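Data first, discussion second: the structure below is written as structure tokens.
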Amino acid sequence: MVQSINSALGIAMEKDARVILLGEDIGRGGGVFRVTAGLQEKFGEDRVIDTPLAEQGIVGVSIGMAALGLRPVPEIQFDGFSYVSLDQLINHAARLRLRTHGRLHCPLVLRFPVGGGIKALEHHSENPETYYAHVPGLKTVMPSGPYDAKGLLLSCLSPKEEDPIVFMEPKRIYRAFKEEVPEDNYEIELGKARIIQEGEDLTLITYGATVRTALNAVSKFTESDSGKSSIELIDLRTLSPLDEETILSSVKKTGRVLIAHEAAKTIGLGAEISALISEEAVEFLKAPILRVSGFDVPMPLAKSEDYYIPSVERILAGIGQVLSYKS
Amino acid sequence: MPPKVVEKFEVDYVQILDEQGNVVPGAIVPKLSDRVLQEKYEMMKFLRAFDNKALALQRQGRMGTYSEFKGQEAIQVGAMMSLEEKDWFFPTYRDSGAIIARGVAPESIFRYWSGDEEGQNFPPGVHVFPIAIPVASQIPHAVGGAWVLKHRNPGSIALVTIGDGGTSKADFYEGMNLAGVFNVPVVCLIQNNQYAITLPRGFQTASSTLAQKGLAFGIGGIQVDGNDLLAVYTVICKAADRARRGEGASLVECITYRLGHHTTATGDEPYRSEEEIEKWKHRDPIERFRRYLERRGLWSEDMEKEIDSRVKLKIDEAVRMFESFPRPSPNEMFRYTYGEMPSKLKGQEKYLSRFLENSTSQEAQTKRSSARSEAKSVEQI
Chain A
8 MVQSINSALG
18 IAMEKDARVI
28 LLGEDIGRGG
38 GVFRVTAGLQ
48 EKFGEDRVID
58 TPLAEQGIVG
68 VSIGMAALGL
78 RPVPEIQFDG
88 FSYVSLDQLI
98 NHAARLRLRT
108 HGRLHCPLVL
118 RFPVGGGIKA
128 LEHHSENPET
138 YYAHVPGLKT
148 VMPSGPYDAK
158 GLLLSCLSPK
168 EEDPIVFMEP
178 KRIYRAFKEE
188 VPEDNYEIEL
198 GKARIIQEGE
208 DLTLITYGAT
218 VRTALNAVSK
228 FTESDSGKSS
238 IELIDLRTLS
248 PLDEETILSS
258 VKKTGRVLIA
268 HEAAKTIGLG
278 AEISALISEE
288 AVEFLKAPIL
298 RVSGFDVPMP
308 LAKSEDYYIP
318 SVERILAGIG
328 QVLSYKS
Chain B
1310 MPPKVVEKFE
1320 VDYVQILDEQ
1330 GNVVPGAIVP
1340 KLSDRVLQEK
1350 YEMMKFLRAF
1360 DNKALALQRQ
1370 GRMGTYSEFK
1380 GQEAIQVGAM
1390 MSLEEKDWFF
1400 PTYRDSGAII
1410 ARGVAPESIF
1420 RYWSGDEEGQ
1430 NFPPGVHVFP
1440 IAIPVASQIP
1450 HAVGGAWVLK
1460 HRNPGSIALV
1470 TIGDGGTSKA
1480 DFYEGMNLAG
1490 VFNVPVVCLI
1500 QNNQYAITLP
1510 RGFQTASSTL
1520 AQKGLAFGIG
1530 GIQVDGNDLL
1540 AVYTVICKAA
1550 DRARRGEGAS
1560 LVECITYRLG
1570 HHTTATGDEP
1580 YRSEEEIEKW
1590 KHRDPIERFR
1600 RYLERRGLWS
1610 EDMEKEIDSR
1620 VKLKIDEAVR
1630 MFESFPRPSP
1640 NEMFRYTYGE
1650 MPSKLKGQEK
1660 YLSRFLENST
1670 SQEAQTKRSS
1680 ARSEAKSVEQ
1690 I
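The listed protein sequences correspond, in order, to chains A and B. Remember, the numbering used here sits 7 above the position in the first sequence when you count from 1. Remember, the numbering used here sits 1309 above the position in the second sequence when you count from 1.
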């Protein structure tokens, strides 16, 4: 996924001179995960900027740049350090258009790695997507693999895209697996979920690194179940705005829902999706909507992170529970 | 061995007109034509009248909470004099005067403070950012804007204002540090009006001046008598010129005084004495400049009367226009949240409009039925 994101950034910068990158260690160092490797050599110090250590300043400066005509792509090095930027994002980036009735707007794309699973230090394994998804005026995107990452990021940086976007990169899949990724430009539409595989009996909704875990769980289930039931697996891709249409038509077909995310349970994205489904499709439900998620505790340190992160076994158990529910 | 001194600093203080409006010995008066001097005097008087009117409107319930700039007119006008059309101004919530001096219609400002976003839909040619309310948050915006100007429109600058309270905030340090590192054409003007709501300047920082914080950013700092229009103009112009030449950012601390309240919502002022307020009233920037003009034969009682009547006409017209603006439509908040309205918001807008329709038709029904019952009772009589 590192290479595909690097490719997307390079293509976007080639096509549009307004796209610039800024962040800590992204230029000379190529980024602590090497996501921006080679870009400063190619595009120069004025388009790939090594900034001082100043996350809220970096995002604030990006807002000024975006408002005056550039398309900045600030990077924050880790999820835990992104919270200081919420002030500038909520108070300004997300509201500039409404505040000026459209005279000014803020097309920036904030990137940072998210999630646990690499035995990192404290504050380096957060799942903060709900904080951002809750902000009207922002869009939030989280790819689940290299192919999606490139297409989604290129959409975010398309000249057609005018809104501030938070692009969260699940760090444990930066290098975990490879996929075929086209070399040139392609876009994956924002706000559209992907049905990874179709099914009739259960809708499993997930996103980010959890998609791989869910795929494993579904294939284990299918083996043990000998094909009696089939599961429809949905990768949200865009967390806000949610693809309500895809979610609801799947639920109306299957009647059973399991939502899986690494982020904490309470007021996580699963809560929003549950409310949506109950508002719009309650008469189709044959079972309560279940969530398999992180616990309502701060992300623990490395030795305990496997207790926290939803496992294949927990998702399998969730599948079993929802399928077997009889009212 | 004696310790090596690796850095020293000095902070200059600039004043051209003393409190009586006399030119301070040795001061260099900027070359401004008589006409311009009189214009700027009238502008300060107009802004004072605007500020007073805004306060009155709020007290009468005709406008919402407002933040006065009374006493700070020399900065509001002097700083804007240094800007060209291509430059960008990044104001705070206390800069209504400067925004008007920069070319925004006063009725627009009334409109904003009455709670209508349309008031900050400034005309496209007027390079003013919307006001920043979260203190100091505008500093990084101005630095980013200046970065764009440096690379795309060299010779243009960004001017950003901030209060004494603002200089304690992280955004100020991060933003101005970035300004120094990136060497961008931004002039940061600190309006030190001695108070951050109730906190006196002396409790805001242990630093002896605010200007010297510029040394931490590598850009130096200078202090100016903020109630001296000519000094503010001179120093800001110098800083602007440096920026235009590619010599980077500046920090200018303008010493002034907030004669009004923090906002109209702030109550009585037990935290400062009448004596102190009186003392600063004697340093009023408008009166000082009037004395200077008078000494130069550029002011008369007749001129004052003409200015006052012109100002009154303009303010009355601005109020009339302001009060003729319609209420925002419920569509606006949905329409301007994203570039393209997502379907979820279309649904929410429809939902709201059902209630607004119902309530209007209910109101109309109530009016009709009460008119009918009135008519009946008249008949009965």
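Backbone N, C-alpha and C define an ideal beta-carbon position, used for all residues, glycine too. Predicted model, so just to flag it, every value in this text is computed and none were measured.
Contact with chain A by S1446 of chain B, beta-carbon distance below 8 Å: Judged by the 8 Å Cβ criterion, S1446 of chain B is in contact with chain A.
Limits of the alpha helix (DSSP H) - the one that R1605 of chain B falls within: Per DSSP, R1605 of chain B belongs to no alpha helix (DSSP H) and is neither H nor E.
Is there a C-beta anywhere in chain A that falls below 8 Å from the one on F1419 of chain B? Chain A contact via Cβ: absent.
Under a three-way DSSP split, which group does N1501 of chain B fall into? Of the three classes helix, strand and coil, the one that applies to N1501 of chain B here is strand, per DSSP.
With DSSP as the reference, please indicate the residues paired to V26 of chain A in a beta bridge. Beta-bridge partners of V26 of chain A (DSSP): A:R78.
Hey, how far is the Cα of G1330 of chain B from the Cα of S1423 of chain B? One C-alpha to the other measures close to 37 Å.
With 8 Å as the threshold, decide whether the Cβ of R78 of chain A is near any Cβ in chain B. At a cut-off of 8 Å between beta-carbon atoms, R78 of chain A makes no contact with chain B.
Could you compute how far the alpha carbon of Q1347 of chain B sits from the alpha carbon of R1619 of chain B? Approximately 14 Å between the Cα atoms of the pair.
Using beta carbons (cut-off 8 Å, strictly below), is Q47 of chain A in contact with chain B? Using a CB distance cut-off of 8 Å, Q47 of chain A does not count as an interface residue toward chain B.
Is the beta carbon of V148 of chain A closer than 8 Å to that of I172 of chain A? It is a contact, given that the beta carbons lie within the stated cut-off.
Of all Cβ atoms in chain B, is any one closer than 8 Å to the Cβ of Q10 of chain A? Taking a beta-carbon distance threshold of 8 Å, Q10 of chain A does not count as an interface residue toward chain B.
Can you name the residues that DSSP bridges to L265 of chain A? Answer by DSSP bridge pairing, in chain order: A:L211, A:L297.
Could you tell me which uninterrupted alpha helix (DSSP H) segments, each at least 4 residues in length, are contained entirely in the region 1568-1599 of chain B, listed from first to last along the chain? Whole alpha helix (DSSP H) segments, 4+ residues: 1583-1590.
Looking at C-alpha atoms only, which residue of B:Y1504, B:H1450, B:S1417 is the closest neighbour of Y1580 of chain B? When each option's Cα is compared against that of Y1580 of chain B, the closest is B:Y1504.
Interface residues of the region 1626-1654 of chain B facing chain A [CB-CB below 9 Å]: Residues E1641, M1642, R1644, Y1645, T1646, Y1647, G1648, E1649, P1651, S1652, K1653, L1654.
Name the two residues that bound the continuous beta strand (DSSP E) containing S318 of chain A. Neither: S318 of chain A is in no beta strand (DSSP E) and is coded neither H nor E.
Please compile the residues from chain B whose C-beta is within a distance smaller than 9 Å of the C-beta of A100 of chain A. Those within 9 Å of A100 of chain A in chain B number zero; the least Cβ separation is about 10 Å.
Which whole runs of the alpha helix (DSSP H) in the region 1447-1508 of chain B are 4 residues long or more, in chain order? Taken in chain order, the complete alpha helix (DSSP H) segments of 4 residues or longer contained in the region 1447-1508 of chain B are 1447-1461, 1479-1491.
Step through the CB atoms of chain A and report whether any lies within less than 8 Å of the CB of Q1657 of chain B. Not an interface residue.
Would you say C1492 of chain B reaches chain A, if we count a Cβ-Cβ gap shorter than 8 Å as a contact? In the sequence on display, residue 1492 of chain B carries Asn and not Cys. Taking a beta-carbon distance threshold of 8 Å, N1492 of chain B does not count as an interface residue toward chain A.
Would you identify the three-state DSSP class for R118 of chain A, choosing helix, strand or coil? Strand, per DSSP.
Quick check on the burial criterion: 16 or more other C-beta atoms within 10 angstroms. Buried or exposed for Q1381 of chain B? So Q1381 of chain B ends up on the buried side.
T245 of chain A, buried or exposed, once every other Cβ within 10 Å from all chains shown has been counted against 16: Burial call: buried.
Taking its Cβ as the centre, do 16 or more other Cβ atoms sit within 10 Å of A1502 of chain B, making it buried, or is it exposed? The residue you asked about is not Ala; residue 1502 of chain B is Asn in the sequence shown. Burial check for N1502 of chain B: the Cβ neighbour count within 10 Å reaches 16 or more, so the residue is buried.
Chain-ordered neighbours of T107 of chain A on chain B, where CB pairs are closer than 8 Å: Chain order gives the chain B residues near T107 of chain A as E1426, Q1429, N1430, F1431, P1439, where near means a beta carbon separation below 8 Å.
Taking the straight line between their C-alpha atoms, what separation do you get for A288 of chain A and N1640 of chain B? So the two alpha carbons sit approximately 28 Å from each other.
Going by DSSP, what residues sit across from F174 of chain A in a beta bridge? Assignment of beta-bridge partners to F174 of chain A by DSSP yields A:R118, A:V148.
Within chain B, partners of S231 of chain A - CB distance below 7 Å: None at all; the shortest Cβ gap to chain B is about 38 Å.
E62 of chain A - DSSP class collapsed to helix/strand/coil: Note: E62 of chain A maps to helix in three-state DSSP.
Which residue's Cα is closest to the Cα of S1376 of chain B: B:P1463, B:F1491, B:H1571? For the set B:P1463, B:F1491, B:H1571, the Cα lying nearest the Cα of S1376 of chain B is the one of B:H1571.
Spatial neighbours of K1623 of chain B in its chain, beta-carbon cut-off 7 Å, leaving aside the 5 residues before and after: F1355, listed in sequence order.
Taking C-beta pairs closer than 8 Å, name the residues in chain B that G67 of chain A reaches, listed in chain order. Chain B residues near G67 of chain A: S1446, I1448, P1449, H1450, V1452, G1453, D1480, E1483, G1484.
Quick check: what's the CA-CA separation for V1561 of chain B versus G1464 of chain B? Rounded to whole angstroms, the gap between the alpha carbons of V1561 of chain B and G1464 of chain B is 20 Å.
List, in chain order, every chain B residue whose beta-carbon is nearer than 7 Å to that of G71 of chain A. When 7 Å is used as the limit between beta carbons, G71 of chain A is near these residues of chain B: P1449, H1450, A1451, V1452, G1453, G1454, in chain order.
Taking all protein chains shown into account, do 16 or more other C-beta atoms lie within 10 angstroms of the C-beta of F85 of chain A, making it buried, or fewer, making it exposed? It counts as buried.
Please list, in chain order, the residues of the region 1552-1581 of chain B that have any C-beta partner in chain A closer than 9 Å. Of all residues in the region 1552-1581 of chain B, none places a beta-carbon less than 9 Å from a beta-carbon of chain A.
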